Each structure stands twice: as structure tokens, then as C-alpha cells.
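Enquirer: Mind looking over this structure? Questions follow.
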Amino acid sequence: MIKKSKILSAAVVATAALMASPSQADTMNTPNISAMSIMNGLENPWDMAFTSGGDMFYTEKCKGLSVKTSSGAVNALAGMKGSKGYASTNNDLFCSGQAGMMGVALDPNFKKNRRIYVASTSDKYHGSGCKTNYEKCDGNIIMRMEVSKDMKSVSNRVDIVKDIQYKPFESNHPFGGPGAHNGNRLRFGPDGYLWATTGDRHRGVVPQSPTLLGGNVLRIDTDGKAHPGNKPPKGFDKRMYTYGHRNVQGIDFRPSDGRAFTAEHGPWQNDEITALVNGGNAGWDPRPNVGGRGDCPDKYCGYMPNQKEGMLPAKRAQFMPMSDTRFKDLMPPAWNNNGLSQGTGSAAFLKGSNWGYWEGRMAVGIMGIGFGGTPSGMRIDVVDIAKDGKSIKSVIHMPTGLTKRFRGLRLGPDGALYAAVDEGEIYKITATAK
Amino acid sequence: MKGLLFGILVFFILASSYAWSGDIEAGKARYAQNCGNCHGPGGMGLASYPKLKGKEISYLVDKLKTYRAGTRIGPNSDLMIMMAQPLSDVEIANLAAYLNAEK
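As you go down the protein sequences, you meet chains V and S in turn. Quick note: the first sequence uses our numbering, first residue 760, plus one each step. Quick note: the second sequence uses our numbering, first residue 17, plus one each step.
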């Protein structure tokens, strides 16, 4: 009996020791995270793109496109109207409210063709439109340019998409200024095609429109033409891969199967992560007089039923759902933000063994919006998405030690995660697996 | 009597100027509660939310009181009205003092 008890005690002690030992933590393979500011003093840095050699192109919303080369030199390449110190100036590019120069992506064949793609607001194609908020307004474009060998200038600009919708005037809504909801994140998919996100630009009819580019994810070639495999509904613009979005600022491709996932802003409820389905509908439809709703301020129901103060998110969601189950082609979200909108700004899948057991998970930057009783929630989430893309298995807050408005995330060629924050900095977030 | 009246006058002038000058530290603490979420550290301005640091006290007080009264004066009025409505005169003075002092 004594012997048995001693053995039992020894076993308990051994188990406790095992639980407390570092080796137990090692089996979890949780990466150590450290964050370091690599650039500061910027004005609203929005997005980055890297060469394989570590040169970092970046946009500033109201200034233009620059590059920080791997040797550390910073070259201002393409400025917007009124910008100073850039190698060239584009007088049609402007910023207003949320709009300006935003997404940037490098051609998969950049080493040979030197091509770079930039999304921006432009007044070049307004034509006879844009006279009011209730008509077609071609004000967001995607440009292709070529970067010089010495990385000091760009040339040969070609506008490959000229008709993404833009909000020209103020309206009676929260965040109601001109330039609202542009999407404008650019990423190349594993298929070698360019994926571009767009926003609803506060116009009720846009997201479900077959012809207006807004509230979509576009999949196009490097001349701006539709991918031949896009399958939007009959009569829809063939450049659309998906439609019915609100304002997609995050898109990336899961390394295990290449599937596209978006991270999308909610109104005052439900930010979402969604696995895209070719031709699918994200289910956002802010038109008045549909879905049981009546008239709405300035023909846009996106902040109703009460756009002047906080209210129970579930009630908002019931009145104005992010993913309306009325639609048979609805892509249900894998994740929503517990009924809150805190502003999902960007997304990047984590690649490389340095990320430990987070490898293959999606990092989502959240900017933080503290209205109507919503906790601000500035952070980066690490989301483990189920294989079928219809749910998540876990969410972990990445321990960066930073409380910032995370606007743009991009994985670098060195396996580190780079984060542009509205506070004017770019951070390098390094992971080391134990 | 004249002296007493003068004293009372001086008292009120001092009292009112004290209230208007605001408490910078208290303003900083109030700012941190929810203003900084949008306007950024020290009122630097972020995204589409305007820079506030270094603005004149009279301008800041006027804007906050206008929002508090429920008056729309720009595209983000609905948001600012919601934020300004709970503010007291003292909190407004403190916020203005803090933001004015940020350079």
C-alpha cells in the first residue's frame, strides 16, 4: 500500500513537472513575437509590396508611391496632385476622406518586366458622371507602371481599370464625407491574376448592381481584362469574381489550397472574414425599399435603423445584415466580429515555419472604431479558418505590444509580417518559433 | 463699497478665465477615453479624421459645443454629436486646453 502510494505520488510529481516544464510549451510551438518600427513620419501609409530582394514599395494615401530599397534608400516615385519631391506627378490623382492612393502590388514577373500596379482615386474619367451622389461616378482606377532599374522613377503609366465607383459628395450618414468605401486592396493570386477589391461608395444600388464596379472583388489580367474563368451571374460585368460586398480592404490566398479570403468592414455590426466562391454574393444590399426596409437617408440604408447613436448590434444586423440570407448565392462568412464592427483593415496569411503552429493561419489587422459603445479593439488577430472555409477554429490576439490602427498587412520575403498603421509608421513583426 | 464691487468683479474674471484655461492633464485623460481612437495620439489626425493638435482654444470649444448642441457642421457630424453630448463645460475646456498645448 505504501509502495503504491509512493509510486502514485511520484507519478503526480512527474506529471506536474511535465506540465510546468518548458518542453510542454515547446510542443505547442507558439512563436515569439517582436515588433519594430522601420519607418515613421509617414502620412497615412496604406499598403506595401515587396520584391524578392526585400525592396519595399509603399503608398501614402494623400502623397503617392515610394520605395524603400533593400539598401535603405527611400525614393519618392509617383506623386499625386500637390505632392512635392516625387520623381513624377500625376495631377489627376487626388485624395478625399477615405479615398486616395491605396493598394499596391508587384507583377509576379517583376524582375523581368518591372511592372507595378497601384489603385488610386482619379478625376480623369469622371466624364459626364459624378454630378451628384446618385449617378455613375468613375473615380477609382487601377494603374500599371514600370519601375526604372535604379528604383528612382516610374514610367509608362497605363490605366487598366478606369470605372470603379467613387463617392463625389457628402451625404447624410455617419462617416458621410466624400470618398467613402473604396476597397482598393490589390493582390496577385496564385493563378497569376490580379485581384482588386472595391467598395459600395455609400450608394445603395451599387453592391448588387450587375454593371457598376463597387462592392466587388475583381479578378483581372494585367491589361485589366476579365479572367476567362470568372463566373458572375448572367448579365454581370465579367471582371467580377464576387459581388455584394460592403468595403473589402483585406484579401489574401490560403497557402494550402490557394483559396481567396476577404476581411471586410461591417457597418456598426459584424466585420467579416469570407471564403470567396467564384460568382458568389457577399449579401450586402443597402438599397432602400428592399429586404423589408423603407426609405433611408440619401437612398442608402447602410447605417440604419438608427444612424445617430449606439444600439444593440443584433438589432442592427437584423435590420441591415452584412450577409443577407435572402440571397441564394450567398457566401456565408467564416467569422464575424461577435456582432461588432471594429474595422478589419487588411489580411495576410502567415507563411513559413518561423510562425510555428500559426503557420497557414490568417493575420487580420483591425483598426479600432470606438463608436456606439463598441470597444475600440485595435489589434492583429490570428485566425485559424476551417478547411471548408465556412467557420473558424480559433482566434488569437497577436501579442505585438502595439495599439495602433492596423491599415495594411503584408508578409515580406523574409517571412516577417509588415504592418502599416494610420499613425504614420510601418512595423516589422518578426516571429521566431521556439 | 467700490472696493468690494471691484473685488467681486476681479473674482469673477479670474474664475471665468480659470474655467476657460482648462486643465491640460485632465484633458489628456479625457482625450484618452475615446477621442484618440480616431484622432490619434495627441490629436495628430488619422485617416479621414482631422488633426486637432495646436488648434486655437476658442475654435475647439466652439466646435465641441456646437456638436454637443446637436448641430451638424460637416460629414462626420453624427459621430461627433454622439461623442460630444456627454461632455460638460469643464471637460470641453480641459480637452481644448490639452489639444491646444500639443504641438
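Cβ coordinates follow ideal geometry from the N, Cα and C atoms, glycine included. None of these values were measured; they are calculated from a predicted model.
Rank V:1091, V:1102, V:1152, V:866 by C-alpha distance to the C-alpha of residue 1128 of chain V and give the top, closest one.
Expert: When C-alpha distances from residue 1128 of chain V are compared across V:1091, V:1102, V:1152, V:866, the shortest belongs to V:1102.
Enquirer: Could you check the C-alpha separation between residue 874 of chain V and residue 908 of chain V for me, to the nearest Å?
Expert: 11 Å
Enquirer: Taking the Cβ atom as the reference point for each residue, do residue 994 of chain V and residue 969 of chain V lie within a distance shorter than 8 Å?
Expert: yes
Enquirer: For residue 1154 of chain V, which residues of its own chain have a beta-carbon under 8 Å away from its beta-carbon, when the five flanking residues on both sides are left out?
Expert: Correct list, in chain order: 1094, 1140, 1141, 1142, 1143.
Enquirer: What in chain A is Cβ-close to residue 56 of chain S, meaning under 9 Å?
Expert: Of the protein chains in this structure, namely V and S, none is chain A.
Enquirer: Applying the 10 Å Cβ sphere with the 16-neighbour rule, what's the burial state of residue 795 of chain V?
Expert: exposed
Enquirer: Measuring straight from C-alpha to C-alpha, what distance separates residue 117 of chain S and residue 82 of chain S?
Expert: If I take the Cα positions, the gap works out to 22 Å.
Enquirer: Give me the subset of the stretch 1120–1140 of chain V whose CB atoms are less than 9 Å from a CB atom of chain S, sorted by chain position.
Expert: 1126, 1127, 1128, 1129, 1130, 1131, 1135, 1137
Enquirer: Rounded to whole angstroms, what is the Cα-Cα separation between residue 105 of chain S and residue 99 of chain S?
Expert: 14 Å
Enquirer: For a minimum of 4 consecutive residues, which ranges assigned as the alpha helix (DSSP H) are wholly contained in the stretch 24–107 of chain S?
Expert: Runs of alpha helix (DSSP H) with 4 or more residues, each lying fully within the stretch 24–107 of chain S, are found at 40–50, 52–55, 73–84, 93–100, listed in chain order.
Enquirer: Just checking, does the stretch 1065–1079 of chain V make contact with the stretch 1001–1008 of chain V on the three C-beta pairs under 8 Å criterion?
Expert: no
Enquirer: Using DSSP bridges, identify the partner residues of residue 976 of chain V.
Expert: BP columns for residue 976 of chain V point to V:956, V:1001.
Enquirer: Leaving out five residues on either side along the sequence, give the residues of the same chain with a beta carbon under 8 Å from the beta carbon of residue 770 of chain V.
Expert: Its pLDDT being 44, under 50, residue 770 of chain V is placed unreliably by the model, and the measurement read from it follows with that caveat. If we look at residue 770 of chain V and ignore the five residues flanking it on each side, it has no Cβ neighbours.
Enquirer: Per DSSP, residue 1266 of chain V is paired with what?
Expert: Since the first residue shown for chain V is 760 and the last is 1193, residue 1266 of chain V is missing from the structure and cannot be characterised.
Enquirer: If you run the structure through DSSP and keep just helix, strand and coil, what is residue 117 of chain S?
Expert: helix
Enquirer: Tell me whether residue 703 of chain V is buried or exposed, calling it buried when 16 or more other Cβ atoms sit within 10 Å of its Cβ.
Expert: Because residue 703 of chain V is not part of the residues shown, which for chain V are 760 to 1193, the question remains open.
Enquirer: Going by beta carbon distance, what residues of the same chain come within less than 6 Å of residue 971 of chain V, once the five residues before and after it are set aside?
Expert: 924, 965
Enquirer: Quick one: is residue 782 of chain V buried, meaning 16 or more other Cβ sit within 10 Å of its Cβ, or exposed?
Expert: Confidence at residue 782 of chain V is low in this model, with a pLDDT of 44, below 50, so the placement of that residue should be treated as unreliable; the coordinate-derived value is given next. A residue is called buried when at least 16 other Cβ atoms come within 10 angstroms of its Cβ; residue 782 of chain V does not meet this threshold and is exposed.
Enquirer: Determine the closest residue to residue 882 of chain V out of V:1135, V:1013, V:898, with distance taken between C-alpha atoms.
Expert: V:898
Enquirer: Of all Cβ atoms in chain V, is any one closer than 8 Å to the Cβ of residue 94 of chain S?
Expert: yes
Enquirer: Alpha carbon to alpha carbon, what distance is there between residue 1167 of chain V and residue 945 of chain V?
Expert: 11 Å
Enquirer: Name the residue from V:1165, V:931, V:1114, V:1170 whose alpha carbon lies nearest to the alpha carbon of residue 1061 of chain V.
Expert: V:931
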